[in-house]
Each structure stands twice: as C-alpha cells, then as structure tokens.
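Keeping their order, the protein sequence lines are chains L and C.
If you use the working numbering, the first sequence corresponds to residues 1311 to 1516, in order.
If you use the working numbering, the second sequence corresponds to residues 1311 to 1516, in order.
Glycine is no exception: its CB is placed at the ideal position from the N, C-alpha and C atoms.
Structure record follows, encoded as structure tokens.
Protein chains: 2
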Amino acid sequence: MTQNKVSTEEIIKNAAMEVFVEDGFDGARMQKIADKAQVNKAMLHYYFSSKEVLFEKILIEACGEMLPELTAIIKGEQAFIDKLKAFVRIHIRQQLKNPKLVSFIFRELNKNPERMASQLNNLEVMKTAYTDFMNSYKLEVEAGKMHAYSPAHLFIMIQGLVDYYPLSKPFYCAFMKYMDEAVEELTFEEKLIDQTCLLLENALKK
Amino acid sequence: MTQNKVSTEEIIKNAAMEVFVEDGFDGARMQKIADKAQVNKAMLHYYFSSKEVLFEKILIEACGEMLPELTAIIKGEQAFIDKLKAFVRIHIRQQLKNPKLVSFIFRELNKNPERMASQLNNLEVMKTAYTDFMNSYKLEVEAGKMHAYSPAHLFIMIQGLVDYYPLSKPFYCAFMKYMDEAVEELTFEEKLIDQTCLLLENALKK
DNA sequence: GTCTATATATGGATAGAC
DNA sequence: GTCTATCCATATATAGAC
C-alpha cells in the first residue's frame, strides 16, 4: 500500500530547496520556506531542529542532483571521443535545466569548502567515474591517436567548458542585450554544445 | 601637499571590500566591517548612508579590479595566437591572486543580474576589447590559418577555460586531498596555464 | 502533528553629546 | 568627525494549547 500523499516533511524539503537555491543560506528566510510549503514556521523546527540542520539536508540533496546520469555514459563501451561528446551534451543540458542550482553549489562551496569536503564521500561515484574516464583517455594517448595532456588538468579544463556557461548565464543574457545582439536562447545553447564538442575534438585528435 | 594619511572613508571602504567579498551581501555584518576598520558602526552610516549604498560602491570597485591590464595586451600588435596566450596567462594569474573576488562577483551577479546589468557601462572597455579580439580572430580564419568557430561561443569557451579554476579552486583543493594527491599549488597552477594555452592552440590552429 | 503566541537575539539605523 | 546609547524591525527558535 503505497503512500501517494507527499509527506509534510517532503513538502518542506522541496520548499526549502527552492528557497535556499534562490537566496543562499544567508539570504534564505525560514518564513519564506514556511509560506512556500504552506505550513507555519513552527513546523520547520518540528521536522528539522534548526535552519542549519535543514540546510545541511538540502545541500546533500542538491549535490546529488548535480551528479547526473553521467556515470552510465562514462562506463559505456563507446570510443573515448564519443563518450566525451555525450558527456558534454548531457552535462550542459542538465545544468541548464536548473542554472540556479549550479550557482548555488558554487556559492555555498566557496563560503564553506570544509563543509563540502566533509561530504566528499558523496563523490565516490565521481572518483571512479573520473579514473575510468581518464584511463580510457590515456589509452588513446598511448595508441598515438590523441594529444597528450596532463589528465588532471584536462579534467579541469573540460569541467570549465561545461560548467562555465550555465554558471554565468544570467551575465551573458544581460551582456547580449547590452551588445544589442538578439539571440534565441535555446538555439544559442544547443550551438554552444556543438561548438564545445568541436573544440574538444580539435584539441584532442591528432 | 599630498594627503599621505589614508582617509577614514578609504579605510572603511577597504574593510567593507574584505568583508563583502568574504561573506557576500547577505552574510556581511556592518559590525564586522566597523571592527575591521577600527571605527564604530555609526561611522559607516555617516560616510555611507546604508549597507546597500556601501555595497554598491564596493561592487563597482570589485568589478573594476576584475578588468585587468588585459586591454593593453588585446590592443597590442602581436599575432592573434600570442595575444590569446598572453590573455590566458595574465587572466588566470590575476584571478588567482584573489580567487575570493571572482566567486564574490559571480555570487552577487547570480543573485541580482539586473543590478550588474545596470552597471554594464563599466564594461565599455570589455565591449571594445571583445570586438577587437574577435576581429583579429576572424582575420586568421579568413586567411585559412585557423578553424572557424562562432566568435560569441568561442569567447564564452575561452572565458570558461580561464575563469573556471579560480572560481572552483577551493573545491579542487579539497578534492585533491580526497584523492590523496599531494600537489604543489603553484606548480599545479602554472601548469594549468600552460595546458590551457596548449589546448587552445591545438583547438584553433589548422 | 499542527497551530498561536511569544521569547530572545541580532542587525541596521538614528539621536544626540562631545 | 567621532563616539555612546538606543530604537526598531526582523529572524530564529521555543512554549504550550489543541
């Protein structure tokens, strides 16, 4: 017998996610969360003892939402370059579904790197994904098919390419307006994906 | 007769810069700023009517500090690829001098894109730098020396490559520890610069 | 479990003496 | 210009009825 009515706790967590992601920890107000969840403030403290505790829970969930269906791709049997392209495509698309989430993570991360570090075990997935991915890259290099980069640095550069635009999208939207360049958002973003794949292909293939 | 004693106003602004960059607008406390400036809170309101006003001033200065000596480079007479490399080198080094500043800008930007947009006239420099830079790229493409990318997208990708690491440095420091990889920070970062130049060169040159 | 009412703390801002 | 003391709004958190 499944519980098809969402529990109050779940409702609160969903509301809290929205508010924290929008306003950050410091900017978030318990009242706003309560309003959005359509309960009163006392309820928040009933389910989660404090703002801090509630935030911790949200942060963990938020990190989880960042780790996408990427693992499957990376473990797949495709050629390295195809895996990479799939990674770029899916990663950018996913980040763009909720760009606020990306900037939220970065914001809180920079404010409290230790807190994030203490939750790094969530990244066990990321760790293995990273090693798998880089191993298949090394094979390509050894086979003389690709240019050799330092794996760690290549990893960061790829992340930069896929994370940067979602992170700074609000800025570029404003910037485009300022430059009087009317751009159709979706087309622009799909093209960014293509261009990123192209750039990486040119940069890697010998 | 020069005033070699720094004015109280200046002292406050310096303190405010530190605190706002560290804690963000919402997290910043007027008391903390006053303490750091070794004045009392009333002084802050004497020189700057409100927290909001003080913050605006700081934000403008912070944006100014982000626009580096880059313009000179971009206007120089070097070949495009050399300008690009110089840009990468100087930009990353500069961001790394104060990585907190970068994440501060992004944080406040994402919270209030309109505010940043209203100050976009500060970016007149950026606008001309951008067009100059891209024009010389187009010349290379027309001469058949470089791969053709969409200039706007290339611009974003380059920014991603040079901004991403400074922005997420705290994360990678934690991540490296987690991966048990002892890295010497400065060496790592200089190598990142080299690798970025290499990647761009491979991606662009035909 | 859910609500109202309230305690307690803190932060931004002001008044007014010097 | 600089200080002390204080106001006032707001935020988190709790007590206690239902």
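Between residue 1402(C) and residue 1439(C) a beta carbon distance of about 17 Å is seen, past the 8 Å cut, so the two are scored as non-contacting. For residue 1407(L), the number of other beta carbons within 10 angstroms of its own is below 16, and it is reported as exposed.
For residue 1417(C), a Cβ of chain L is located within less than 7 Å of the residue's own Cβ.
For the stretch 1484 to 1512 of chain C, the set of positions with a beta-carbon nearer than 9 Å to some beta-carbon of chain L reads 1484, 1485, 1486, 1487, 1488, 1489, 1491, 1493, 1498, 1501, 1502, 1504, 1505, 1506, 1508, 1509, 1510, 1511, 1512 in chain order.
Here residue 1356(C) is exposed: its Cβ has fewer than 16 other Cβ atoms, across all protein chains shown, within 10 Å.
Any Cβ of chain C closer than 7 Å to the Cβ of residue 1420(L) would place that residue at the interface, and such an atom is present. Taking C-beta separations shorter than 8 Å and ignoring five residues to either side along the sequence, the partners of residue 1341(L) in its chain run 1351, following chain order. At a cut-off of 7 Å between beta-carbon atoms, residue 1471(L) makes contact with chain C.
The count of Cβ pairs closer than 8 Å, one atom from the stretch 1487 to 1494 of chain C and one from the stretch 1316 to 1330 of chain C, stays below three, leaving the stretches out of contact. Within 9 Å of the CB of residue 1337(L), the CB atoms of chain C belong to 1334, 1335, 1336, 1337, 1421, in sequence order along the chain. Relative to the Cα of residue 1399(C), the nearest Cα in the group 1507(C), 1463(C), 1442(C) belongs to 1507(C).
Exposed is the label assigned to residue 1445(C), since fewer than 16 other Cβ atoms lie within 10 Å of its Cβ. Interface flag for residue 1474(C) against chain L is set, since a Cβ pair is found closer than 7 Å. The Cβ-Cβ distance between residue 1322(L) and residue 1347(L) falls below 7 Å. The alpha-carbon of residue 1424(L) is positioned some 15 Å away from that of residue 1489(C).
Of the residues assessed, residue 1392(C) falls on the exposed side of the cut-off, its CB having fewer than 16 other CB atoms within 10 angstroms.
Listed along the chain, the chain C residues whose CB falls inside 9 Å of the CB of residue 1426(L) are 1480, 1481, 1484. Residues of chain C with a Cβ closer than 8 Å to the Cβ of residue 1413(L) are, in chain order, 1416, 1417, 1420. When the Cα atoms are used, residue 1411(C) and residue 1367(C) turn out to be separated by approximately 15 Å.
Non-local C-beta neighbours of residue 1516(C) in its own chain, meaning closer than 8 Å and more than five positions away in sequence, comprise 1454, 1455, 1456, 1457, ordered along the chain.
Boundaries of the alpha helix (DSSP H) harbouring residue 1340(L): 1340 to 1347, taken from the DSSP string.
Around residue 1419(C), the same chain offers 1426 as residues with beta carbons nearer than 7 Å, after the five sequence neighbours per side are excluded. Residue contact check for residue 1456(C) against chain L: no CB pair falls below 7 Å.
Any Cβ of chain L closer than 7 Å to the Cβ of residue 1467(C) would place that residue at the interface, and such an atom is present. In the DSSP annotation of this structure, the continuous segment of the alpha helix (DSSP H) that includes residue 1445(C) starts and ends at 1434 to 1452. The secondary-structure analysis by DSSP pairs residue 1501(L) with nothing; it has no beta-bridge partner. In terms of Cα proximity to residue 1349(L), the closest of 1462(L), 1319(L), 1472(L), 1487(L) is 1319(L).
Taking residue 1405(L) as the centre and dropping the five residues before and after it, the same chain places the C-beta of 1412, 1476 closer than 6 Å to its C-beta, in chain order. Contacts between residue 1351(L) and chain C, judged by CB atoms closer than 9 Å, are missing: the closest CB pair is about 19 Å apart. If you draw a straight line from the Cα of residue 1358(L) to the Cα of residue 1364(L), it is about 6 Å long. Residue burial annotation: residue 1389(L) is exposed, with fewer than 16 other C-beta atoms found within 10 angstroms of its C-beta. Going by DSSP, residue 1361(C) is part of the alpha helix (DSSP H) stretching over 1361 to 1376.
The bridge partners DSSP lists for residue 1456(C) are 1515(C). Contact check for residue 1471(C) and residue 1510(L): beta-carbon distance about 11 Å, past the 8 Å limit, so the pair fails to qualify. Apart from sequence neighbours up to five positions away, the residues of its chain that approach residue 1435(L) with a beta-carbon distance below 8 Å are 1377, 1381, ordered along the chain.
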